[in-house]
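**Q**
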Amino acid sequence: MALDREGVRLPRLRPDEVARRGVVFGLLGVVPLMVVTLSVSGHSERMEFLSVFSALAFFGAIFLVIGAGFWWLSKEDIRRLRDWNTITTQAASVTVIGPIFLRSGLCLLVLGAASFGLYHLVDAAPYDSWLYE
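Right, dumping it as C-alpha cells:
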C-alpha cells in the first residue's frame with residue numbers, strides 16, 4: 116500500500132466505502148438481534164426489548180450527523196483508524212473520528228430500523244404463533 120509524505124496510507128477513504136461498510140456491519144448485526152429476540156420469553160418482554168433496542172436508530176442518526184460534520188470539517192484529509200500514529204495535533208484527530216462516527220452511525224441506524232421492523236412483526240403476530248410466545 117502506498118504512503119504519502121506524512122505516512123498516511125493511500126488511497127484515502129471515500130464516503131461511499133465507509134457507508135457501505137457501516138451498512139454491512141449493521142446487516143450482520145441483525146442476525147444476533149433476531150436470535151436474542153427469539154430467546155426473550157414472553158410477548159410483552161419481547162415487545163419491550165425491541166422497543167428499547169429500536170432507540171438505537173435515534174443514536175445512529177445523531178452519530179451519522181456528527182460523522183458527516185467531522186468529515187466535512189476535514190475535507191480532503193480523511194484517515195483510517197490505523198493512521199492514528201500519523202496525527203500530530205489534537206485538531207487532526209477529527210480526520211480519524213469522522214469515518215468512525217459515520218460507520219458506527221449507519222450500523223446503529225440499520226440495527227434500530229431492523230428492531231423497529233421486528234417490533235411491528237411481533238406485534239402483529241397471532242396469539243398462537245411462535246412469534247407471539
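Take any residue in the sequence shown, count from 1 to its spot, add 115: that is its number in our numbering.
Just so it is clear, CB atoms sit at the ideal spot from N, CA and C, and this is done for glycine as well.
1) So what does DSSP say about residue 125, is it helix, strand or coil?
2) As a quick exercise: from 185, 180, 179 and 215, pick the residue whose alpha carbon is nearest that of residue 195.
3) Where do the ends of the alpha helix (DSSP H) carrying residue 245 lie?
4) Do you know how far the Cα of residue 243 is from the Cα of residue 156?
5) Looking at C-beta atoms only, is the number of pairs between the segment 201-215 and the segment 160-167 that lie closer than 8 Å three or more?
6) Measuring only the C-alpha atoms, how far is residue 143 from residue 225?
7) Beta-carbon within less than 8 Å of residue 154's beta-carbon, same chain only, minus the 5 sequence neighbours each way: which residues are those?
8) Could you check if residue 152 is buried or exposed, using at least 16 other CB atoms within 10 Å of its CB as the buried criterion?
9) So residue 127 and residue 202 are supposed to be a Cβ contact under 8 Å. How far apart are they, rounded?
10) Sorted by chain position, which residues of the same chain lie with C-beta nearer than 6 Å to residue 231's C-beta, five sequence neighbours on each side aside?
11) Could you tell me the boundaries of the alpha helix (DSSP H) in which residue 132 lies?
12) Taking C-alpha atoms, which residue in 176, 159, 204 and 200 lies nearest to residue 273?
**A** In terms of the structure at hand:
1) Residue 125 sits at position 10 when you count from the first residue of the sequence shown. Coil.
2) If you number the sequence shown from 1, residue 195 lands on position 80. When each option's Cα is compared against that of residue 195, the closest is 215.
3) Here residue 245 refers to the residue found at position 130 of the sequence shown. Residue 245 -> no alpha helix (DSSP H), and no H or E assigned at all.
4) Stepping through the sequence shown from its first residue, residue 156 is reached at position 41. Stepping through the sequence shown from its first residue, residue 243 is reached at position 128. Each residue's alpha carbon lies about 14 Å from the other.
5) no
6) The residue you call residue 143 lines up with position 28 of the sequence shown. The residue you call residue 225 lines up with position 110 of the sequence shown. Taking the straight line joining both Cα atoms gives about 10 Å.
7) As a working note, residue 154 is residue 39 in the sequence shown. Within the same chain, residue 154 has no close Cβ partners at all.
8) Counting from one through the sequence shown, the residue named residue 152 turns up at place 37. With 16 or more Cβ atoms within 10 Å of its Cβ, residue 152 is classed as buried.
9) Here residue 127 is taken as the residue at index 12 of the sequence shown, counted from 1. Here residue 202 is taken as the residue at index 87 of the sequence shown, counted from 1. Contact doesn't hold; Cβ gap of about 14 Å is too wide.
10) Taking the sequence shown and counting its residues from 1, the one referred to as residue 231 is at position 116. These residues qualify, in order along the chain: 169.
11) Taking the first residue of the sequence shown as 1, we reach residue 132 at position 17. Where residue 132 is concerned, the enclosing alpha helix (DSSP H) stretches over 130-154.
12) Outside the modelled stretch of the chain, which goes from 116 to 248, sits residue 273, for which no answer is possible.
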